[in-house]
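Take the sequence shown: its letter number 265 is residue 314 in this note's numbering, and every next letter is one higher.
Since the structure comes first, as structure tokens, the remarks are kept for the end.
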Amino acid sequence: MNLKKILWLAVGSVSIASIGYYTYKVKTADKKQLYKTKKFTRTDIIYTINATGAIEAENTIKVGSLINGVVKELYVEENQNVQKGQIIALLDNGKGNTDVKAVEGAVKRSQAALKYAKVFLDRQKTMYSKGHISQNDLDQAQSQHDQAYGTLKEAQANYEKASIDYNNTKILSPINGVIVKKGVSVGEAISSFFQPTVLYTIAQDLTKMKVELEIDETSIGDIKVGYNAILTFDTYPNKTFEGLIDEISNGATISKGTVTYKSYVYIDNNDLLLRPSMTVHASIVVASKKNIFAVPGYIFSINPEFIKFVAQDKKYKFEPISQDKLDTFKKAVTSKDNGVKTIWVVENNAFIEKAVEVGITDKINFEIVSGVNENEEVLIDVEESDAMKLMFKRMFGGGMSK
């Protein structure tokens, strides 16, 4: 037997085996239930959106410096209460108060020069009134006086600036509050330009906290100010806190191709359990209803072609909804928050497609507001593999059956 005959015999054997296998499966399919139905059930739907973020004190201030220098003294530590105006740190600007002393001397010299210029001007005025000097002499005395006055004003301005710069070596608390973070150590050089160094972070009141949540762009449209947020923290996994969405930012944050929007929740922290920068997990309640008619969302995706195959096999009627009827139903739905979908019901040996008004959803179950009644048998599943077998059966005809 040559190689070609062997190959033909092998192909024939496989074909016969395949036909036998599909004949068996089709006969089995005839005995299986090709579809499943279920009456409407009442349930509760709670649609929530999950988000993560961090918590901070409601009013937090980062304290920096107006001058460059080196940290010489740190007078307070974390968790310590401070008062407005209290010195919390001291900087070394590299020259102490030498600038202040230098311009202070210039001010004194300018004051003395102005005093002399004034006396000389008064004397020249007297001399001019008696005709002993010319107008030019008087004008020159006036000019010397004015120049001395200007020099004094400049020296006083320099003194004020030097004093402010020197006083800025003393870092003062801008508010009454508590130190929640110390950002520097003694001996560390700090900058007041570009990215200013934060010496301390002070919270005004740790009993009032602000949660900053990152909401994905796919969900931000469902969230509104006033929605309830249930919060949990990694530190207290079995304890929940609640608050309301108080603010939703219009500015987006883009990171690694992900777009998010910040939302803020304000909560009380009277027991001081929560600390700044703790990670928070939020479940935002978007919608909730109890004891409503609902169907699982996957029934909206049943392929009508498979329903048609099953209807033909069982000799049922197949009645898809007309476009006109669907359009009329859509116009009758007045709630802008509700949508329209279609489902299939089984009635008097017929598969009938009906339009339904859909209310709230948790992305798993969908509320059915109108379009069908609770006693109808809703098509919830079609055995798609069996429908494919029916297609195979029609393709090969009934001659395969024993």
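Glycine is no exception: its CB is placed at the ideal position from the N, C-alpha and C atoms.
Where the beta strand (DSSP E) containing residue i begins and where it ends
i: GLY300; result: 285 to 304
i: VAL334; result: 328 to 345
i: LYS230; result: 226 to 231
i: PHE415; result: 414 to 419
i: LYS85; result: 84 to 88
i: PHE367; result: 366 to 368
i: THR377; result: It is not in any beta strand (DSSP E) - THR377 instead sits in the alpha helix (DSSP H) that spans 372 to 381.
i: ASN277; result: 277 to 282
i: ILE269; result: Here ILE269 belongs to no beta strand (DSSP E), and DSSP marks it neither H nor E.
i: VAL112; result: 109 to 112
Run of the alpha helix (DSSP H) containing residue i, from where it starts to where it stops
i: GLU153; result: 147 to 178
i: ASN319; result: Per DSSP, ASN319 belongs to no alpha helix (DSSP H) and is neither H nor E.
i: ILE356; result: 353 to 363
Pair within 7 Å by beta-carbon distance, residue i and residue j
i: GLU263; j: GLY102; result: yes
i: LYS111; j: THR250; result: yes
i: ILE351; j: VAL431; result: yes
i: GLU368; j: ALA399; result: yes
i: HIS194; j: ALA155; result: no
i: ASN225; j: LYS133; result: yes
i: ALA162; j: GLN173; result: no
i: GLY292; j: VAL274; result: no
i: VAL485; j: TYR215; result: Past the edges of the chain, shown from 50 to 451, lies residue 485, and the structure says nothing about it.
i: ASN108; j: GLN253; result: yes
i: LYS338; j: ILE272; result: no
i: SER222; j: GLN135; result: yes
Same chain only: Cβ atoms within 7 Å of residue i, ignoring 5 sequence neighbours per side
i: THR97; result: SER332, ILE333, VAL334 and VAL335
i: SER371; result: none
i: VAL125; result: VAL131, ILE137 and ILE228
i: LYS357; result: PHE367
i: THR289; result: ILE279, LEU280 and THR281
i: TYR70; result: At TYR70, the pLDDT of 38 sits below 50, so the modelled position is not reliable; the number obtained from the coordinates is stated separately. Hits under 7 Å: none found.
6 Å CB neighbourhood of residue i in its chain, flanking five on each side removed
i: GLY388; result: VAL407
i: PRO245; result: GLY113
i: GLU127; result: ILE228 and LYS231
i: SER419; result: GLU406
i: LYS85; result: ILE429 and ASP430
Closest residue to residue i among the options (Cα-Cα distance)
i: LEU4; options: ASP148, GLU237, THR377 and SER159; result: Residue numbering for the chain in the displayed model covers 50 to 451; residue 4 lies beyond these limits and cannot be assessed.
i: VAL394; options: GLN82, LYS87 and LEU83; result: LYS87
i: GLY118; options: VAL131, ILE137 and GLY143; result: GLY143
i: GLY270; options: VAL308, VAL235, VAL233 and LYS230; result: VAL308
i: ALA106; options: GLU423, LYS379 and VAL229; result: VAL229
i: GLU402; options: ASN299, ILE348, ASP386 and LYS385; result: ILE348
i: SER298; options: LYS311, GLY292 and LYS288; result: LYS311
i: MET258; options: VAL274, ASN319 and ILE94; result: ASN319
i: LEU248; options: LYS164, GLY275, ILE239 and ASP254; result: ILE239
i: PHE169; options: GLU153, GLY180, ASP186 and LYS179; result: ASP186
i: SER461; options: ILE272, GLY145 and LEU255; result: Outside the shown range of the chain (50 to 451) lies residue 461, about which nothing can therefore be said.
i: VAL421; options: GLU126, ILE409, PHE378 and ASP188; result: PHE378
i: VAL233; options: LYS210, GLY113 and SER222; result: GLY113
i: LEU139; options: ALA151, ILE116, GLU153 and THR147; result: ILE116
i: THR256; options: GLU209, ASP317, ASP141 and ALA301; result: ASP317
i: ASN207; options: SER222, PRO223, GLN196 and GLU153; result: GLU153
i: ASP295; options: GLU425, ILE220, SER419 and ALA278; result: ALA278
i: GLN82; options: ALA360, THR175, ILE220 and SER268; result: ALA360
Own chain residues within Cβ distance below 8 Å of residue i, not counting five before or after
i: VAL344; result: PHE89, ILE392, ASN414, PHE415, ILE417, VAL427 and ILE429
i: TYR285; result: LEU322
i: VAL329; result: THR101, GLY102, ALA103, ILE104, VAL260, LEU262, LEU280, THR281 and PHE282
i: GLN184; result: TYR177
i: LYS364; result: ASN398
i: GLN160; result: LEU201
i: ARG158; result: ALA204
i: GLN129; result: VAL227 and ILE228
i: LYS412; result: TYR96 and GLY346
i: SER326; result: ALA103, ILE104 and GLU105
i: TYR276; result: LEU293, ILE294, ILE333, VAL334 and VAL335
In DSSP terms, what residue i is bridged to
i: THR307; result: SER304
i: VAL395; result: PHE400 and GLU426
i: GLU261; result: ALA103 and TYR313
i: ALA138; result: LEU123 and ILE220
i: TYR249; result: VAL112 and LYS231
i: TYR96; result: ALA336
i: GLU432; result: DSSP, once it has assigned bridges, lists no residue as partnering GLU432.
i: ARG91; result: PHE342
i: ILE239; result: GLY118
Within-7 Å CB hit, residue i to chain D
i: PRO345; result: Annotation note: the requested chain D is absent from the structure, which comprises a single protein chain.
Contact test: residue i Cβ vs the ligand MG heavy atom, cutoff 6 Å
i: LYS202; result: As presented, the structure is devoid of all ligands, the ligand MG included, so that no description of it is given.
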